[in-house]
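S.K.: First residue of the sequence shown: 129, per this note's numbering; consecutive thereafter.
For each residue, glycine too, the CB sits at the ideal point set by N, CA and C.
This is the structure, below, for whatever I ask next.
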Amino acid sequence: SDWSADSWSDYGSRDKPGTTLGRTVPDGNVLFPDIFHTDHLLFYERFRAYQDYILADCKASEVKQFIAEYLGKVLEPSGWQAIWRTDVFEVLVGVVGVNFSALKAVVQLSEPFLCESQDGSFTLECMQELLELKEHQILLQELWVVYDESGEFDQTALAIEHVRFFYRCIWRTWDEEEEDEFDYFVRCVEPRLRLHYDVLEHRVPSGLVVDYQNLLSQCEEVYEKFLNVRNSISSNDSDSEAENVSMVEGLKLYDKVEHLKQKLKLIENPLLRYVFGYQKYGSLQAKGLRPTGTKVTHVVPWTMTASLLHLLARDKLCPESCEGLEIQFHRDPLAAVNACYEGDRVIICPGHYVVDGVFCIADSVELEGYGLPDDVVIEKQGKGDNFFDCTGANIKISNLKLVQHDAVEGILNVHHGKTTLENCVLQCETTGITVRTSAELLMKNSDLYGAKGAGVEIYPGSACTLLHNGIHHCKEGILVKNFLDEDYEAPKITMVNNMIHNNEGYGVVLVRPVMASEMKDASAQGTKGIFIFLKETPKTTKSSIPRFLDCIIHNLYMKLVAVTKYLTKDTQPTQAGDETACAEGSRQEQPGCVTDDLELCQRAETSEQTENNSEIANVLGATSAKKRQMHKKRLSELGFTEADDNLMSQEMFVSVEGNQFKWNGKGSFGIFLF
129 SDWSADSWSD YGSRDKPGTT LGRTVPDGNV LFPDIFHTDH LLFYERFRAY QDYILADCKA
189 SEVKQFIAEY LGKVLEPSGW QAIWRTDVFE VLVGVVGVNF SALKAVVQLS EPFLCESQDG
249 SFTLECMQEL LELKEHQILL QELWVVYDES GEFDQTALAI EHVRFFYRCI WRTWDEEEED
309 EFDYFVRCVE PRLRLHYDVL EHRVPSGLVV DYQNLLSQCE EVYEKFLNVR NSISSNDSDS
369 EAENVSMVEG LKLYDKVEHL KQKLKLIENP LLRYVFGYQK YGSLQAKGLR PTGTKVTHVV
429 PWTMTASLLH LLARDKLCPE SCEGLEIQFH RDPLAAVNAC YEGDRVIICP GHYVVDGVFC
489 IADSVELEGY GLPDDVVIEK QGKGDNFFDC TGANIKISNL KLVQHDAVEG ILNVHHGKTT
549 LENCVLQCET TGITVRTSAE LLMKNSDLYG AKGAGVEIYP GSACTLLHNG IHHCKEGILV
609 KNFLDEDYEA PKITMVNNMI HNNEGYGVVL VRPVMASEMK DASAQGTKGI FIFLKETPKT
669 TKSSIPRFLD CIIHNLYMKL VAVTKYLTKD TQPTQAGDET ACAEGSRQEQ PGCVTDDLEL
729 CQRAETSEQT ENNSEIANVL GATSAKKRQM HKKRLSELGF TEADDNLMSQ EMFVSVEGNQ
789 FKWNGKGSFG IFLF
């Protein structure tokens, strides 16, 4: 679409005949006339309308005034019909006037009288009486404009759609109390509008959408209680005990409202909703042991041949004894996992399996590919939140390639228990692996790439061991979530001999809150609100590569010197000993220098990687020590002068050794401050 000012305007062009909007047939049994189809507008259509024509740079307290001014410019004041819709009835009305300041239309019943209600009790007399009680004025957002081919009422229909959408999806009852120093569109409208369309386009996990709706309902309920308490206090001037109790209750409700508002804002912010994520407690129930007490081996063959069956029996099924072994065959891996009980084993034969569903593993089972990871591929089909959800006490996944498409959440979520991932390839879509609080991940000899978020997300209170893995071509390599909150414990992190390279951001990122000293520095610089501070470490591309190029250039230079000496040497006879010594010297000088320089390059690169590992371990350890100090201070405030060793053993266990960080866009290590 062309969004230039000359080709599109919410005010429309009155000199072009005919409507540019579609029409839709209203639902129901009554033969209402068709209405304009306006609820399909794109994000940028709504965005530009609110930003350029309706709200502009208004403050929260000016929203209603700006909307009224906008409607005064584009709304036809009379002469059009609409369907008045409520939760209990629909009725056809004619508009004879508009009260712009109240955002209401003055209406009268149309002839013939068309009305549909849930119980059929709304007669002509009832509707006339209802309109008289309302002084014939109803909210514009309750009107759906009747379709007209002339195009005369296009902008009227669009304007009412913008007002309706705003009060249904954007406006919050507490917005009027927002500070007027902020631009309302930037602060509230844009993030809520983006969230609405992210949800429509399945870019937000369904669990997070449910959380947001629950938080919104809870905040509206608490805010209503707060308003009632505040109004009762303002109308009572006596300094009684009851009023003091109401004031205390009002303060508690106010704090609760502010807390809920902050949670809503975190989800509305497209960056922070993925940085902080959400706590998802799955409803997965472990089956436990099979009633018969037996353990079953499930086999998933793409195609079963006699030779494959012989190999399976030799390598996996009966390496020693087949006595008492129960085997079940399945057509796809998902059916096999769903049939598992505690202690079962799933063997997947070579093939490319396309599944449409989620692997929910709540028991201790083993999922193993028979062959190399590239030979045993499980590909996710269809849109969905998750691919693998693990809550079992001891789950092992090995020798598989997992391919994810059209995802909203990460490729593998470890919610509870321990999950071991060995010799696997993970082709991600959004985030990679998420290790939730109280969960444990052991990942070794695996390759992970393609995540639009972090390759591995480590939550507070979790344990994550990464050994000999490749994590590359992700937004960030590894993201360690904030664990300084008093409700969280420090995670236990082990990273040994991993190759973390070619990530867009940092190799490793730590998320933590701003300390008081840092906040003072930010205030001195005039920084407000949430900000990002990223600590850069030297990039491999700026250090090891130039040294290596220096070695190559020096090598070429020595060759050029040797050739030049040979071509330009004196034609007069010279002593054989001198000539031999010169040639021999040039031959010996070149390889010796190159070898020394290459050794220097290797030493410098090794030294740099050692520094990177040490720096990550030191910063994570220092943050853990800060957590310990905060915990000790809280205990002291509660009167515990001598803290129990168990209470104080919250320091993070960190082991970072032998990892290589190469060609990451921003460096090896960064800190995200909020």
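Can you grab the Cα-Cα spacing for the pair V493 / K529, in whole Å?
M.R.: In the sequence shown, counting from the first residue as 1, residue 493 sits at position 365. In the sequence shown, counting from the first residue as 1, residue 529 sits at position 401. In a straight line, the C-alpha of V493 is about 18 Å away from that of K529.
S.K.: Where L607 and V504 are concerned, what is the direct C-alpha to C-alpha distance, given to the nearest angstrom?
M.R.: For the purposes of this step, residue 607 is taken as the residue at position 479 of the sequence shown. For the purposes of this step, residue 504 is taken as the residue at position 376 of the sequence shown. Distance between the alpha carbons of L607 and V504 is about 29 Å.
S.K.: Anyone know if the C-beta pair for V427 and I475 falls short of 7 Å?
M.R.: For the purposes of this step, residue 427 is taken as the residue at position 299 of the sequence shown. For the purposes of this step, residue 475 is taken as the residue at position 347 of the sequence shown. Contact flag set, yes.
S.K.: May I ask you to report which of helix, strand or coil DSSP gives C297?
M.R.: Here the question's residue 297 lines up with position 169 in the sequence shown. C297: helix per DSSP, three-state reduction.
S.K.: Using alpha carbons as the reference points, say which of G589, R564 and T152 lies closest to H165.
M.R.: The residue labelled residue 165 in the question sits at position 37 within the sequence shown. The option with the nearest alpha carbon to H165 is T152.
S.K.: With L268 and I288 assumed to form a contact (beta carbons below 8 Å), what rounded beta-carbon distance in angstroms separates them?
M.R.: Within the sequence shown, numbered from 1, the residue matching residue 268 stands at position 140. Within the sequence shown, numbered from 1, the residue matching residue 288 stands at position 160. Contact holds; Cβ gap of about 5 Å.
S.K.: Within 10 angstroms of its Cβ, does L594 collect 16 or more other Cβ (buried), or is it exposed?
M.R.: Walking along the sequence shown from the start, residue 594 turns up at place 466. Flag for L594 reads buried.
S.K.: Are R640 and N610 close, meaning C-beta to C-beta below 7 Å?
M.R.: As a working note, residue 640 is residue 512 in the sequence shown. As a working note, residue 610 is residue 482 in the sequence shown. Cβ distance < 7 Å, so R640 and N610 count as in contact.
S.K.: Among P501, V465 and A467, which residue has its Cα nearest to the Cα of G479?
M.R.: The sequence position of residue 479 within the sequence shown is 351, counting from 1. Ranking P501, V465 and A467 by Cα distance to G479 puts P501 first.
S.K.: Between the alpha carbons of L569 and L437, how many angstroms are there, rounded?
M.R.: Stepping through the sequence shown from its first residue, residue 569 is reached at position 441. Stepping through the sequence shown from its first residue, residue 437 is reached at position 309. In a straight line, the C-alpha of L569 is about 33 Å away from that of L437.
S.K.: Would you mind listing the beta strand (DSSP E) stretches within the region 222-276 that are 3+ residues and don't spill past its ends, in chain order?
M.R.: If we require 3 residues or more, the beta strand (DSSP E) runs fully inside the region 222-276 come out as 232-237, 243-245, 265-267 and 271-273.
S.K.: Return the CA-CA distance between E785 and Q737, expressed in angstroms with no decimal places.
M.R.: On the sequence shown, position 657 is the one that residue 785 refers to. On the sequence shown, position 609 is the one that residue 737 refers to. Answer to the nearest angstrom: the Cα atoms are 9 Å apart.
S.K.: Please confirm if the region 177-191 is in contact with the region 204-218, defined as three or more CB-CB distances below 8 Å between the two stretches.
M.R.: At 8 Å Cβ cutoff, the stretches do not touch.
S.K.: According to DSSP, is Q413 part of a helix, a strand, or is it coil?
M.R.: What you label residue 413 is simply residue 285 of the sequence shown in a count that begins at 1. Q413: coil per DSSP, three-state reduction.
S.K.: Taking the alpha carbon of V624 as the point to measure from, which residue in F175, N573 and N630 has its own alpha carbon closest?
M.R.: As a first step, residue 624 must be located in the sequence shown, where it is residue number 496. Cα-wise, what sits closest to V624 is N573.
S.K.: Using the three-state DSSP reduction, which class does K667 fall into: helix, strand or coil?
M.R.: For this step, residue 667 is matched to residue 539 along the sequence shown. With a pLDDT of 43 at K667, under the threshold of 50, the modelled position of this residue cannot be trusted; read the value that follows with caution. K667: coil per DSSP, three-state reduction.
S.K.: Leaving out five residues on either side along the sequence, give the residues of the same chain with a beta carbon under 7 Å from the beta carbon of A817.
M.R.: Lying before the first or after the last residue shown, residue 817 is absent from the chain, which here runs from 129 to 802.
S.K.: Report the rounded CA-to-CA distance for N792 versus T425, giving the unit in angstroms.
M.R.: Counted from its first residue, the sequence shown places residue 792 at position 664. Counted from its first residue, the sequence shown places residue 425 at position 297. C-alpha separation (whole angstroms): 43 Å.
S.K.: When the Cα atoms are used, what is the spatial distance from G538 to G605?
M.R.: Start at 1 with the first residue of the sequence shown, and residue 538 comes out as number 410. Start at 1 with the first residue of the sequence shown, and residue 605 comes out as number 477. Rounded to the nearest angstrom, the two C-alpha atoms are 14 Å apart.
S.K.: Quick one: residues in its chain with C-beta nearer than 6 Å to the C-beta of I525, no 5 flanking neighbours on either side, listed in chain order?
M.R.: Numbered from 1 along the sequence shown, position 397 holds the residue referred to as residue 525. Only L495 and L549 meet the Cβ criterion.
S.K.: Grab the span of the alpha helix (DSSP H) containing G378 for me, first residue to last.
M.R.: As a first step, residue 378 must be located in the sequence shown, where it is residue number 250. That run of the alpha helix (DSSP H) goes E369 to E396.
S.K.: DSSP on Y178, reduced to helix/strand/coil?
M.R.: For the purposes of this step, residue 178 is taken as the residue at position 50 of the sequence shown. Note: Y178 maps to helix in three-state DSSP.
S.K.: Do the region 265-282 and the region 217-236 make contact, defined as three or more Cβ pairs closer than 8 Å?
M.R.: The answer is yes - the region 217-236 touches the region 265-282, with three or more Cβ pairs under 8 Å.
S.K.: Quick one: using the 10 Å Cβ neighbour count with 16 as the cut-off for buried, is M432 buried or exposed?
M.R.: In the sequence shown, the residue the question calls residue 432 occupies position 304. That one is exposed.
S.K.: Where does A582 sit, in a helix, a strand or coil, going by DSSP?
M.R.: By one-based count along the sequence shown, residue 582 stands at place 454. DSSP places A582 in strand when its eight states are reduced to three.
S.K.: Do you know how far the Cα of L388 is from the Cα of V376?
M.R.: Here residue 376 corresponds to residue number 248 of the sequence shown, with the count starting at 1. Here residue 388 corresponds to residue number 260 of the sequence shown, with the count starting at 1. Straight-line Cα distance between these residues: approximately 19 Å.
S.K.: By a C-beta neighbour count over all protein chains shown, 10 Å radius and 16 as the cutoff for buried, is S590 buried or exposed?
M.R.: Numbered from 1 along the sequence shown, position 462 holds the residue referred to as residue 590. Flag for S590 reads buried.
S.K.: Determine the burial state of G378: buried for a count of at least 16 other Cβ atoms within 10 Å of its Cβ, exposed for fewer.
M.R.: Translated into positions along the sequence shown, residue 378 becomes position 250. Burial call: buried.
S.K.: According to DSSP, is T751 helix, strand or coil?
M.R.: Residue mapping note: residue 751 aligns to position 623 of the sequence shown, counting from 1. T751: helix per DSSP, three-state reduction.
S.K.: The beta strand (DSSP E) with A210 in it runs from where to where?
M.R.: For the purposes of this step, residue 210 is taken as residue 82 along the sequence shown, with counting starting at 1. Unbroken beta strand (DSSP E) run through A210: W208 to R213.
S.K.: Distance, Cα to Cα, D815 vs F250?
M.R.: Beyond the ends of the chain as shown, which are 129 and 802, falls residue 815; an answer cannot be given.
S.K.: In the DSSP output, what is V118 paired with across the bridge?
M.R.: The structure shown does not extend to residue 118, since the chain is modelled only from 129 to 802, so the question has no answer here.
S.K.: With DSSP collapsed to three states, give me the class of S278.
M.R.: Here residue 278 corresponds to residue number 150 of the sequence shown, with the count starting at 1. Looking at S278 - three-state DSSP - the assignment turns out to be coil, as it is neither helix nor strand.
S.K.: Run through the DSSP bridge pairs and tell me what Y587 is partnered with.
M.R.: Stepping through the sequence shown from its first residue, residue 587 is reached at position 459. Per DSSP, none; premise fails for Y587.
S.K.: Assign F241 to one of two classes, buried (16 or more other C-beta atoms within 10 Å of its C-beta) or exposed (fewer than that).
M.R.: As a position in the sequence shown, residue 241 is number 113, starting the count at 1. Exposed.
S.K.: Nearest CA to the CA of Q179: which residue from Y198, D162 and I163?
M.R.: As a working mapping, residue 179 is identified with position 51 in the sequence shown. The shortest C-alpha separation from Q179 is found at Y198.
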